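Asker: If you're matching positions, the sequence shown starts at 586 in the working numbering and goes up one per residue. Glycine included, every Cβ here is placed at the ideal spot set by N, Cα and C. Since the model is a prediction, treat every value here as computed from it, not as a measurement.
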Amino acid sequence: MIVTAGGKNVAPAVLEDRLRSHPLISQCMVVGDNKPFIAALITLDPDSIKPWMVANKKEGATIAELAKDPALLSVIQSAVDETNKAVSRAESIRKFTILPVDFTIAGGQLTAKLSVKRHVVGQQFAREIDELFA
Numbered sequence: 586m587i588v589t590a591g592g593k594n595v596a597p598a599v600l601e602d603r604l605r606s607h608p609l610i611s612q613c614m615v616v617g618d619n620k621p622f623i624a625a626l627i628t629l630d631p632d633s634i635k636p637w638m639v640a641n642k643k644e645g646a647t648i649a650e651l652a653k654d655p656a657l658l659s660v661i662q663s664a665v666d667e668t669n670k671a672v673s674r675a676e677s678i679r680k681f682t683i684l685p686v687d688f689t690i691a692g693g694q695l696t697a698k699l700s701v702k703r704h705v706v707g708q709q710f711a712r713e714i715d716e717l718f719a
């Protein structure tokens, strides 16, 4: 359970499950404990992003480059907007960032059951989390 600075309890699973259902999104982790709003770290599905890259003439782009691409950001923003329809405004994702790497078991971010290790991701991507709330 995430508790925002305003005292709102937010169950991350609802948001994360809905976001992960989008074909371009591999993993996500909602953050916002003791913060003024909810934000999300999002990783791209390496298999699904390839056809999108071809269709949008972005072949050869790195994930880091795609993370700043206005067309892709618009697609992901639409997924976030759709996800937010399931929750109240106080529980909604206000900001997100696309991470340059996917969460993996080998990378230490996922358990054997493919659950996100929140503390590990929080440590590995502390800078990105801080930037979301800057």
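When you compare only the Cα positions, how much space is there between E667 and P597?
Answerer: 15 Å
Asker: Starting from the C-beta of S677, find all residues in its chain whose C-beta is less than 6 Å away, skip the five residues before and the five after it, and write them out in chain order.
Answerer: N669
Asker: Output the distance between the C-alpha atoms of N594 and F622, rounded to the nearest integer angstrom.
Answerer: 11 Å
Asker: Should Q612 be labelled buried (16 or more other beta-carbon atoms within 10 Å of its own) or exposed?
Answerer: buried
Asker: Assess contact between the segment 639-653 and the segment 605-619, defined as three or more Cβ pairs (one per stretch) separated by less than 8 Å. Is contact present?
Answerer: no
Asker: Could you tell me the distance, in whole angstroms, from the CA atom of H607 to the CA atom of A664?
Answerer: 7 Å
Asker: Along the beta strand (DSSP E) that carries L657, what are the first and last residues, could you check?
Answerer: L657 -> not in any beta strand (DSSP E); alpha helix (DSSP H) instead, spanning 655-669.
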